[in-house]
Amino acid sequence: MTNNFFYKFFEYFIIASFLLTVQVTSLFAQEKNTDSPGHVSLEPTTAGLGSDNTIRIALVFQLKKGWKIYAPSEQEDSFSTYPPEIVWSPQSKNFKSATIIWPPYKKENFEGFKVNIYEGRTILPIDITIQNPHEPLFLKGTLSYLACKATCIPVETPILLYLAPGEATPLNLSAQVNKALKGSKHDSLLFDDEEGEMNLWLMIGIAFLGGVILNFMPCVLPILTLKIMTLKKISRHQHAFSYRWRFLSSLSGILVSFIIFALGAIILRAIEIQVGWGMHFQEPLFLTFMAIVMTIFACNLWGFFEINLPLTFNKQIDSLLGHHNAHVKVLTGDFFSGIFATFLATPCTAPFLGTAIGYSLSRGPIEILLMFFTLGVGFALPYWIGLMLPSRFLILPKAGPWMQTMTRILGFGLALTVLWILWILSEEVSFLATIILSLLLVGLCINLWYRRNPVLSTALILFSFFIIFFGDDLPEVWEEDTINAYVTPFSEEKIPEFVAAGKVVFVDVHAKWCITCQVNHKLVLQSEKIRKLLASDKIEVMSADWTNRDPNIAHFLARYHRYGIPFNIVFGPRAPQGIILSELLQQKEILEALKTAGLKE
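Numbering-wise (my numbering), the sequence shown opens with residue 30 and increments by one.
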């Protein structure tokens, strides 16, 4: 009776904890950026100044849904709407004058007045007259404009731009500027970026490849134990019917998880919250939930106790599937293993994955659902193969004592995953809170081994959430080590200033929960050759730590159509627009990017 109570409690605890985590995540995510109208940046349309004394740049507004800015009105008695205006700083260099070119706009009636508005992604071209095309151009100023939704707010933001002498090779923005100027006055200025012009079917293929490659990324190494568990259990059921149901159950868990991610992204976007791949790993309560669940599953594999679903729950699934109780429990376990596999695989991006996520999150709900579902199909490819493979091709070992040994080893694999999660928590909350949580998890293991007291287990689990929730208020055991002397805290506004001073800027966006980021750091960025190079006075290294939620970093990623990490980009006098590096860094790639950006040997 006691065991039945514990297992029933465990089932309800899983459901309630997950719902609580989602709710808390939503509450924490509603930051100051939900009140802002969007993001704006000053960007070049060419790679260099060219040979003329006039060049074209552009203000690029990423306005959130419902927000609008205004164009000048032709009528003198019109309602005052304060269109965007720039006050240029005396610190600007090689600058003579600037003229904003107003693209076609929409007309609206407001309190009897006709107003001209821009919405969505809006591009305002600016013609700049320079003094000398053979000298670098540095622009610094303050942009002021009025943004309105239900209410109107005046916005004032600094803008910076650096452009080096050289051939005026058109950038992608150049075509978008031409499109803006040729647009109809009756059309809304919602311009697609270069990725939006890609063929949809090509993006579906890229999403599928991204999901497949995710199986081989360092991020998913902890979930290999869950995949091997499935094969280990299948060896007990040699019939084709059994293993096909097993693979189908795990596959369903993966697809359902990706659909949940897609729906979550759609909802968060609808309430104007910046969405990022792996953002749930920025929530300490979610990590605590995962650590507890993984600990319980590890104890189960070590033989401390058996997880038996409540009798009522078993009967309901039994009547639905028409199978024996033991089979139902196995299928349910496989389904949840697919869900956990997906959650553990999402901290960082793989090749092609960043492109697919960026494309979907910059589109509508249908594209988001389609891309995420395709990612899930690719990630579940091993299960698709197992599902379709004839039984004669499945070479499975016979059951024997080795299975018990393998089960214990897999338990230690999950324990290593728990240690990884605890390490992330120590960075997000505090080291002392993580130590206390670790002791509570050890106590949970001991209780499941010896006493199996449901009241004690419940108390330990609830106290674990309590400790992490208030972990920020606990004192640190020691002060964190200072950052390397050559690393500068991230500031997007300072990038053009460093470039104007002739320096190359290396930006590294990373997080403690991103395993690929850690691999890049250990194998590439901390290698002797790269470390000595980045320590040069000619290079500024900016570290953008996204372990905890930071809207400034999220906006920076979104500006380059990226919604996941790792993300590395190099700026310089010869590359003021930036050179984006691949997710898996290589020394040769970094050296070439630094040289292309203008690093002098």
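Ideal Cβ placement from N, Cα and C applies to all residues, glycine included.
Bear in mind that the values here come from a model prediction, so they are computed numbers and not experimental data.
Given this structure, state the Cα-to-Cα distance separating residue i from residue j, to the nearest angstrom.
| i | j | result |
| --- | --- | --- |
| phenylalanine 401 | arginine 588 | 21 Å |
| leucine 292 | lysine 624 | 43 Å |
| leucine 466 | glutamate 312 | 15 Å |
| leucine 477 | alanine 327 | 11 Å |
| lysine 629 | proline 162 | 22 Å |
| leucine 314 | phenylalanine 372 | 14 Å |
| proline 199 | phenylalanine 90 | 20 Å |
| tryptophan 452 | leucine 470 | 14 Å |
| leucine 71 | leucine 88 | 5 Å |
| alanine 179 | lysine 97 | 10 Å |
| valine 241 | valine 406 | 8 Å |
| isoleucine 294 | phenylalanine 369 | Before going further, note that residue 294 is alanine rather than isoleucine in the sequence given. Each residue's Cα considered, the two are about 19 Å apart. |
| isoleucine 155 | phenylalanine 124 | 13 Å |
| isoleucine 321 | serine 520 | 37 Å |
| isoleucine 397 | isoleucine 288 | 9 Å |
| methionine 30 | leucine 468 | Note on methionine 30: pLDDT 41, under 50, position unreliable in the model; the coordinate value appears next. Near 28 Å, if we compare the C-alpha coordinates of leucine 468 and methionine 30. |
| alanine 573 | alanine 583 | 10 Å |
| cysteine 181 | asparagine 207 | 30 Å |
| asparagine 581 | glutamine 433 | 50 Å |
| lysine 135 | alanine 530 | 41 Å |
| tryptophan 274 | alanine 299 | 37 Å |
| arginine 642 | phenylalanine 333 | Any question about residue 642 goes unanswered here, given that the chain covers just 30 to 630. |
| serine 203 | phenylalanine 167 | 20 Å |
| tryptophan 449 | asparagine 201 | 41 Å |
| valine 534 | glycine 362 | 49 Å |
| histidine 590 | valine 69 | 14 Å |
| proline 419 | isoleucine 283 | 22 Å |
| lysine 122 | isoleucine 157 | 12 Å |
| glycine 472 | arginine 578 | 31 Å |
| proline 73 | serine 118 | 18 Å |
| phenylalanine 365 | arginine 560 | 43 Å |
| glycine 77 | arginine 150 | 25 Å |
Closest to residue i by C-alpha separation, out of the options, would be which residue?
| i | options | result |
| --- | --- | --- |
| valine 285 | Asn207, Lys208, Arg392, Gly367 | Gly367 |
| aspartate 566 | Ala100, Thr517, Ala197, Asp579 | Thr517 |
| threonine 171 | Pro162, Glu185, Gln160 | Glu185 |
| glycine 442 | Pro199, Met417, Leu330, Lys541 | Leu330 |
| leucine 410 | Ser572, Ile475, Phe245 | Phe245 |
| isoleucine 188 | Glu114, Leu175, Thr545, Gly79 | Glu114 |
| leucine 175 | Ser556, Lys617, Ile146 | Ile146 |
| glutamine 547 | Glu618, Leu613, Ser389 | Leu613 |
| leucine 360 | Ala76, Leu277, Ile296, Phe287 | Leu277 |
| serine 173 | Lys136, Pro165, Pro183, Ala179 | Pro183 |
| leucine 620 | His590, Leu562, Leu229, Met571 | Leu562 |
| glutamate 137 | Ser102, Leu210, Ser118, Leu473 | Ser102 |
| leucine 297 | Gly627, Gly393, Asp363 | Gly393 |
| isoleucine 598 | Thr576, Ile568, Ala444 | Ile568 |
| isoleucine 395 | Ser203, Val69, Leu229, Gly627 | Leu229 |
| leucine 382 | Ala444, Ile129, Asn549, Ile594 | Ile594 |
| alanine 622 | His550, Val536, Asn549 | Val536 |
| alanine 444 | Met571, Ile159, Cys474, Glu148 | Cys474 |
Once the 5 residues before and after residue i are set aside, which same chain residues still bring their CB inside 7 Å of it?
| i | result |
| --- | --- |
| phenylalanine 596 | Val538, Leu586 |
| alanine 385 | Met232, Ile235, Ala236, Gly239, Met400, Leu404 |
| glutamate 618 | Leu610, Ser611 |
| leucine 280 | Gly367, Ala409, Tyr412, Trp413, Leu416 |
| serine 532 | Residue 532 is actually lysine in this sequence, not serine. Excluding sequence neighbours, lysine 532 sits near Lys567, Ile568, Glu569. |
| threonine 75 | Ile84, Ala197, Thr198, Pro199, Leu200, Ser203 |
| glycine 95 | Lys178 |
Pull up the CB-CB distance for residue i and residue j, whole angstroms please, since I reckon it's below 8 Å.
| i | j | result |
| --- | --- | --- |
| alanine 127 | proline 112 | Their Cβ separation, rounded to whole angstroms, is 15 Å, which puts alanine 127 and proline 112 out of contact at 8 Å. |
| glutamine 616 | lysine 541 | Contact flag wrong, Cβ pair sits at about 23 Å. |
| leucine 243 | alanine 374 | 6 Å |
| glycine 79 | glutamate 164 | Between glutamate 164 and glycine 79 the Cβ distance is about 13 Å, and since that is not below 8 Å, they are no contact. |
| leucine 454 | leucine 316 | 5 Å |
| glutamate 457 | threonine 576 | 6 Å |
| alanine 626 | glycine 601 | 3 Å |
Excluding the five sequence neighbours on either side, which residues of its own chain have a C-beta within less than 8 Å of the C-beta of residue i, listed in chain order?
| i | result |
| --- | --- |
| valine 116 | Gly170, Thr171, Ser173 |
| glutamine 160 | Asn82, Asn123, Phe124, Lys125 |
Output needed for residue i: all residues of its chain with C-beta closer than 6 Å, excluding positions within five of it in sequence on either side, in chain order.
| i | result |
| --- | --- |
| valine 447 | Ala320, Met323, Thr324 |
| cysteine 177 | Lys97 |
| leucine 210 | Pro132 |
| glycine 440 | Ala327, Leu330, Trp331 |
Do the stretch 192-206 and the stretch 78-91 meet, that is, are 3 or more Cβ pairs less than 8 Å apart?
-> By the Cβ criterion, the stretch 192-206 is in contact with the stretch 78-91, since at least three pairs of Cβ atoms, one from each stretch, lie closer than 8 Å.
Does the stretch 520-537 come close enough to the stretch 599-609 to have 3 or more Cβ pairs within less than 8 Å?
-> Flag = yes, the stretch 520-537 and the stretch 599-609 touch.
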